[in-house]
Each structure stands twice: as C-alpha cells, then as structure tokens.
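Before any comments, here is the structure.
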Amino acid sequence: MTVNKRAAKVSEESLHRIFTIPVAPNSTLGRVESEISQNLAGFLGSHIAATEQALSEIEKDFADSQIPEDPAFVSDHMHHLLDKLVSQSVHTSSPNFIGHMTSALPYFILPLSKLMIGLNQNLVKIETSKAFTPMERQVLGMMHRLVYQDEEPFYQQWMHSANHSLGAFCSGGTVANLTALWVARNNLLKPDGDFKGVAREGLFKALKHYNYDGLAILVSARGHYSLKKSADVLGIGQDSVIAIPTDENNKIDCQLLEEKCQQLARENIQVLSIVGVAGTTETGNIDPLDKIADIAQRYNAHFHVDAAWGGATLLSNKYRPLLKGIELADSVTIDAHKQMYVPMGAGLVVFKNPASVAAIEHHAEYILRKGSKDLGSHTLEGSRPGMAMLVYAALHVISRPGYELLINGSIEKANYFAQLIEQHADFELVTKPELCLLTYRYNPSSVQKLLANASDVEQENINVLLDKLTEFIQKRQRENGKSFVSRTRIEVQKYQGRKTLVFRVVLANPLTTKTILQDVLAEQAQLAQESERFLPLLLSMS
Ligand SMILES: *Cc1c(COP(=O)(O)O)cnc(C)c1O
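Numbering-wise, the sequence shown is residues 587 to 1128 according to this note's numbering.
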C-alpha cells in the first residue's frame, strides 16, 4: 500500500489541538498569514486569477451538499480554499477596479480585525462586551456629532444614557434604513389611549385606530432598493414606496414631491417618511435636503436621509456644504464600509432625537433588562460583532483631516476622469460627478452627431445598439481582468428619460492613479473595435 496522502482523523485529542495549538509559522496557513500581513496587495494580485471562469464552472466546485465525514488538515484545506475560492473571488481592492463602492483597506485594519475576531465580543449586551459597549456608543456619538453638530453638553448628557441612544450600529445600510423606518413607523403609530401601539397590536389595528387608509414612503426614483425591502418587512408594502421623478441632475423634483404629498393627503394616506438620498448609488447625486426637510415637516413625515454611501463626505469641510440640510433629518444612515475604508459589515443610523429609539425598544428578562445599557434593546440584530472598534480606530488613526484628504482626492479624481471622457471624441459623459461617482458610455463622435439630429424613432434604434456595445465592452473588460468598471441602466433626460445602459465608475480607491484612468479609457476604446457587430452597424448608420 502506498500512502500518498495523509489522512486526518477525528479524535478528542485532535479537536483539542485546534483550540490550543497555534498555526505553525512554516505551515501553509502560517505562510499565508505572514504574506497577507506583509504584502496583501501582492498576495491578492497573485492569488486571484486574472481571467474569470464562468459561474457555472465555479458551481461545480461547490456542488457537494454532504457535510464531510472525514476531517481535513487545515493546510490541505487552505490549499483547497486558495485554489477554488480565493482564485475565483473579486479583487475589490485593486486600484484598477473602479466599479465598486468598496475599495482598498488600510493595513492597520488587518491586525485589528484579527484582534476583534479573537476577542469575539458580542455587542448585544454588556455582559459579553463590557468596554465595547461604551466604545460603540462613542462611535455613534461621533457620527451623530458629524451629522448634527450639537454642542458638547448634548453629548455629555446623552451619549451614555441608559434610556436613550444617539443611533444604532448594524451590519450595513440596508439594516440601518430598516431601523430608521421602523422607528418612524412606531413613533407615528404610537400607543394612544386604549391602543397599545403598532409594536404591540400590529399594522392593521394601528391604521384602524388612527383612521388612515394607508402609509407611504416617498423617495426619488434613484432611491436604493433597500427601502422597498424595509417597506415589505414593516408590513407597509413595497408598492407604498413611491418613486418621485428626478430633475436632469438626478435630484428629487421637490415640486412633484409636494404635489404627491397633497394627493396622498386627499386620499387619506399618511406619509410615513420622506427619504432624501445623499449620494445615490447609481449617480452619486445629492437631493436638496433642506427643501425636503421643509416639506416633510409640513406633512408631519419622518425625514430620513439615506447617506449610506455619501455620508462620509461630511468629513470634508470643503465638500460638506453639498449635504446642507442633513442636520434637519430625523435620522441618517451612513455605511462605514463604503467611503470610510472599514471592512464590510459596518453600517449605522443616527437619530436627531436621542429618545426616538424608545419606539423600538425590546426587553427580555435574562438580558436587556429595563434600564440597562445593553445595546441589544434597540437594535434589529441580536448578536453582533465588535465592528465599531474598526470605525473607532479608523477615526483615530486617519482623523477628520485625513478623511478630508481622501474624500477630496476621490472627488477631484472623478472630476479629472470626467474631463478625460469629455475630451475624448468617442466617449459621452452621461452624469457629471458631484461626489466621486460618474457614468458614461462609449459613443463614436459620428454617432453622437447623428443622435443629435435624429428623430425619436431613429434615436431609439441607435441607443439600442449603443446599449449592446456598452454591455459588450463592459463584459469583455471584466473578462480580461485588467480593470473593471460596473454598468447600470439609468434614465437619461437628453434621450427623453430613456433607460440607457452606462458604465458606472466610483473613484474611492486612493491608489487609483491618473495613468490607470487613462488606461481604462484606452482599453475600452480598444475593446469597442473588437465588437464585430454593434460598432460596424453603428458606424454604417452615420
Ligand atoms: C449601499 C447603499 C445602501 C445599502 O447598504 P448595504 O450596506 O449594502 O446594506 C443603501 N442606500 C444607499 C444609497 C447605498 O449606496
């Protein structure tokens, strides 16, 4: 018998070992660990395959539904992970990948993350997190102050108050938005006389008690789909999220917003919340928050600002004015895992009024006792990791002026890229950057001229072909693996609001250089020439 493969065995002793014996530095896992500590970019660059495999191929590697009966040596398993999983993952931190909202992470995050995992605190209650609870409350206080800029005594009074909360930390913008709307719903349909409140009696009885024929959430057509999920979960229904058209700058049309509010009032439908978007996911534009605040107040609606992506802009004194009016919001969502360079799983919502979270308070006898400072009494999620520590560390290590440099740099880079696009005869800038996000497409100059003078029908035919060309270029570029931009479909005013396919670029990675941007554009122009169907067709029309 030839033994060419060691076999691991299940035994109490081997299990004891995995809990007590560290990974040897010269083992596979040990080498991976030291490599990622010393050169993460190099490690990712060499282990993530440049050219991608079809998902259907990858699925074959993950086809077995049986839980293994035989244990694996961790080094063998590490090889398996590198081979099948890491190699086919996405290089989100590559400076050439400018299509995502997540980018490179600073190095100090790696050992700190490991410490966080090692500590394995559970923020649901103080018993399992101790100092992590006041630390998280401080982070919420800092982010609250960033948004609302209240005075020192306000924070002294409320930051660590047991029965109040300046916000809620959670896994991301989706849960943050849901939490904000949950608070809004429960405050609107609060206990009143014999009625014990929507939290106890449910939506059906609440609407009957308050004599409403329905509730609505109003947001611009560029609102994030997490709002629909929230409306669904809160029992309000996705169709009650009403999309208000935007102007040519992708900002909510306040005239139409006001008219919708009037119409709903006539129909006896209460506006639960008006949501302003501060940095739309597709175009990065910011709604006129001060005007929305005014309308929300007149219709007694909770004013929420979804600043999941753009909220970090508040850290820049130069660009903060773009979000003027945000301090009037009843609640604001910010994702630290987007423009604050913290890893995935760090979202938060802050509330103007420290008492408003009382509306979603839950208590349990064994934990979360009334009057305790347990964070779990007003968060949707139960067990939660100490992610706030990474936000805390980033705020201290990078500091506000450091963030300002990063944010200003990203916006200026986006302006530079927009300039490149505008100067190139064969590209069309579709949405100008307000923050560090822009959209554009490849559109040969002769076709651009043709479009300008075409009838509606001709325009449509040309745009259909251009959509196909955009898709072709985007896919080809992704498959080639050198660089990546994303694509989305947005309504373009210039083409009568037609939903048009565009490239979408987010310039948040501080390591992305001007040369990289020039190369991305050059590669796209080159790839367009490889399209054997759409480009020749387009050129033959012009
Ligand atoms: C990303 C984003 C969300 C959702 O946040 P997740 O962290 O992905 O849950 C919500 N709103 C906006 C505007 C976003 O950009």
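Ideal Cβ positions, reconstructed from N, Cα and C, are used throughout, including at glycine.
Query	Result
Near ligand 1: K924 beta-carbon under 7 Å from a heavy atom	yes
DSSP bridge partner residues for E868 (one or two, in chain order)	Partner(s): none; E868 has no beta bridge.
Beta-carbon contacts of H890 that lie in its chain and below 8 Å, excluding the five residues immediately before and after	N763, A766, L767, A770, S859, I860, V861, G862, A915, D916, S917, V918 and T919
Rounded separation between G823 and L789 - CA only	11 Å
S812 Cβ short of 7 Å to ligand 1 heavy atom set	yes
Coil, strand or helix - T678 by DSSP	coil
Residue interval of the alpha helix (DSSP H) (run including R986)	A974 to Q1009
Spatial distance of Q1063 from N682 (CA atoms)	11 Å
Collapsed DSSP secondary structure at H890 in the structure displayed	strand
Expected contact under 8 Å - CB spacing of H948 and S963 to nearest Å	6 Å
The beta strand (DSSP E) enclosing I860, as first and last residue numbers	I855 to V863
Check: A894 C-beta below 7 Å from any heavy atom of ligand 1	yes
Where K1085 falls: helix, strand or coil (DSSP)	strand
Coarse secondary structure for G897, derived from DSSP in three states	helix
Any C-beta of chain B under 8 Å from that of F694	Structure shown: chain B not included; a single protein chain is present.
Close-in-space but distant-in-sequence residues of the same chain around Q1060 (CB under 7 Å, 5 per side omitted)	V1071, R1073 and F1089
Other residues of its chain near S816: CB distance less than 6 Å, five sequence neighbours each side excluded	N763, L764 and L767
Per-residue burial, P907 [other beta carbons within 10 Å of its own, 16 or more giving buried]	exposed
Check whether R1075 and K1085 have beta carbons under 8 Å apart	yes
For N708 and T1130, the rounded distance between their alpha carbons	Nothing can be reported for residue 1130: it is not among the residues displayed for the chain, which extend from 587 to 1128.
Residues that T1025 bridges to, as DSSP identifies them	T1017 and R1090
Bounding residues of the beta strand (DSSP E) (the contiguous stretch that carries D921)	S917 to D921
Any non-hydrogen atom of ligand 1 within 7 Å of D873 CB	no
Reference V761, options G933, E1077, F740 and E868, closest by Cα	G933
Exposed unless 16 or more other CB atoms sit within 10 angstroms - verdict on E1129	A question about residue 1129 goes unanswered here, because the residues of the chain that appear run from 587 up to 1128.
Contact under 8 Å by Cβ, K846 with I830	yes
beta-carbon M1131 near ligand 1 non-hydrogen atom, thresh 7 Å	Here the chain has residues from 587 to 1128 only, and residue 1131 is not among them.
heavy atom of ligand 1 below 7 Å from D818 C-beta	no
Spatially closest choice to I622 from S642, L668 and H750, by CA coordinates	L668
Nearest-angstrom Cα separation, counted from S597 out to T606	14 Å
Inter-stretch contact (C-beta, 8 Å, three-pair minimum) for the region 720-735 and the region 689-697	no
When K904, T867 and K877 are compared against A893, the one with the closest alpha-carbon	T867
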